[in-house]
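Undergrad:
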Amino acid sequence: MTYRNVVPHPLLTLLLVVTWCLLTNSVHLGNVILAAILGVVIPKMTFAYWPDAPHGIKAGRMVSYVLVVVWDILLANVAVAWLVLTRPNRKMASTWVTIPLDIRTPEAITILAGTITLTPGTVSADLSDGGHSLLVHALDAPDPDAVRDEIKTRYEARLKEIFA
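Under my numbering, the first residue of the sequence shown carries the number 315, and numbering increases by one thereafter.
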């Protein structure tokens, strides 16, 4: 019996344990034990549905990516609040931006789409059939090409490194 037989997705197990403790708002011993049991059982039950699970994710780069995203969310909250409070709707340059994707793994595309949606002022609206481009709505984008370039360099490039 190998380690992978017991815990097929260690990061998912850890995520489930932390999420359970956060949802129940408790880190008592019994609650943590239940979370650990769920964290082992759920990945084992769903292992067959993960044939192409990503391998070799660079955890250090993922941590730095999360920090960049959290920082961007904080800044975007202030920027959008300022925009909404000081600029009339008719002066906003709301637009749709197509982001051509270089990343191909579903996990990386999902993280990119989630990042865009979590950042105030932008929302991921659609993914092309082949997964080659993402349609994004920007609240105020006088230069749509700049929005596209920023998403590609700030987020997609980092995700390419993480999932390489």
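For glycine and all other residues, C-beta sits at the position ideal for the given N, C-alpha and C.
#1: Tell me whether the beta-carbon of L389 lies closer than 8 Å to the beta-carbon of I425.
#2: Please determine, among A439, V380, T409, the residue with the shortest C-alpha to C-alpha distance to L453.
#3: Ignore the nearest five residues each way along the sequence and tell me which others in T338's own chain have a CB closer than 6 Å to its CB.
#4: Taking the alpha-carbon positions, what's the S340 to A478 distance?
#5: In or out: P420 buried (at least 16 other Cβ within 10 Å) or exposed?
#6: Nearest by alpha-carbon distance to G445: which of V461, A427, A460, P458 is it?
#7: What are the start and end residues of the alpha helix (DSSP H) that includes D463?
#8: Suppose you measure from the CA of T400 to the CA of V392; what does that come to, to the nearest Å?
#9: Could you spell out where the beta strand (DSSP E) holding V411 opens and where it closes?
#10: From A471, A422, L432, V394, pick the residue whose C-alpha is nearest to that of S455; which is it?
#11: Note down, in chain order, each residue of its chain lying with its Cβ closer than 7 Å to the Cβ of L352, except the 5 sequence neighbours on either side.
#12: Nearest-angstrom Cα distance between L397 and T429?
#13: Roughly how many whole angstroms lie between the Cα atoms of R404 and V461?
#14: Can you tell me which residues form a DSSP beta bridge with T436?
#15: Tell me, to the nearest whole angstrom, how far the beta carbon of V321 is from that of V354; I am working on the premise that it is less than 8 Å.
TA: Considering the structure as presented:
#1: no
#2: T409
#3: N345
#4: 37 Å
#5: exposed
#6: A427
#7: 458-465
#8: 12 Å
#9: 409-414
#10: In the sequence on display, residue 455 carries Ala and not Ser. Considering only alpha carbons, the answer is V394.
#11: L330, W334
#12: 20 Å
#13: 20 Å
#14: A452
#15: 6 Å
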